[in-house]
Ligand code: THU
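Residue numbers (the numbering used here): 324 to 464.
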């Protein structure tokens, strides 16, 4: 019988998948190759890389490409348990503000929440999205 992976083993797996995804990045302008891999609450994994454009503002970050793929596959009920981001840089790559808002859109509102894993000045960290974007915008009916 297959043993269910522990959360920390799954997080390590996400980090290594984000590194592989970053190798596919299309980043001829910044030369910064970013990868993201996410685990959904349902237990599926999706990854993405940054895709740049000569019209710079059209660039799409790795995180958003991974999230949109996850929605495409799981549908509008997709929720993120964890997302790992990595890049081929010496300096830390925290998720940009736009990606924080997009992650927040798919927050898991349960005890485990949504964790964002990335290299900070202090090394690898995994804060919850609410810590990274306090008071994020939501449409409440
Ligand atoms: N980038 C990401 O993919 N994710 C982020 O959260 C920050 C920035 C990409 C976008 C662009 O291709 C390059 O990094 C430089 O900004």
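Even glycine gets a Cβ: it sits at the ideal position worked out from N, Cα and C.
From a predicted model like this one, the values you see are computed outputs, not experimental measurements.
Residue i CB to nearest heavy atom of the ligand THU below 8 Å
i           : result
residue 393 : no
residue 375 : yes
residue 390 : no
residue 386 : yes
residue 355 : yes
residue 472 : With the chain covering 324 to 464 only, the question about residue 472 has no answer from this structure.
residue 408 : yes
residue 344 : no
residue 360 : no
residue 437 : no
residue 405 : no
Of the residues the options, the one placed nearest residue i, counting alpha carbons only
i           : options               : result
residue 410 : 328, 442 and 404      : 442
residue 397 : 412, 453, 363 and 432 : 363
residue 385 : 378, 374 and 379      : 374
residue 416 : 445, 451, 392 and 332 : 445
residue 413 : 354, 400 and 349      : 354
residue 420 : 401, 453 and 431      : 453
residue 347 : 331, 333, 389 and 403 : 389
residue 331 : 376, 344, 359 and 405 : 405
residue 358 : 377, 378, 383 and 352 : 383
residue 376 : 387, 403, 352 and 342 : 352
residue 392 : 429, 379 and 451      : 429
residue 434 : 350, 360, 451 and 387 : 451
residue 461 : 342, 439, 432 and 449 : 432
residue 342 : 448, 400 and 356      : 356
residue 440 : 378, 400 and 360      : 360
residue 349 : 329, 334, 328 and 381 : 381
residue 344 : 456, 387, 399 and 401 : 387
Bridge partners - residue i, DSSP secondary structure assignment
i           : result
residue 368 : 362
residue 443 : 446
residue 438 : 405 and 451
residue 357 : 410
residue 349 : 374
Proximity test, residue i beta-carbon vs the ligand ZN heavy atom, cut-off 8 Å
i           : result
residue 440 : Ligands in the displayed structure: the ligand THU; the ligand ZN is not one of them.
Exercise. Would the segment 419-431 and the segment 368-381 be scored as touching if the rule is three or more Cβ pairs under 8 Å?
Worked result: no
For this session: Check whether the segment 328-344 touches the segment 399-417, taking contact to mean three or more Cβ pairs, one atom from each stretch, closer than 8 Å.
Result: yes
Exercise. Curious, which full-length beta strand (DSSP E) runs of at least 3 residues does the segment 372-433 contain?
Worked result: 403-410
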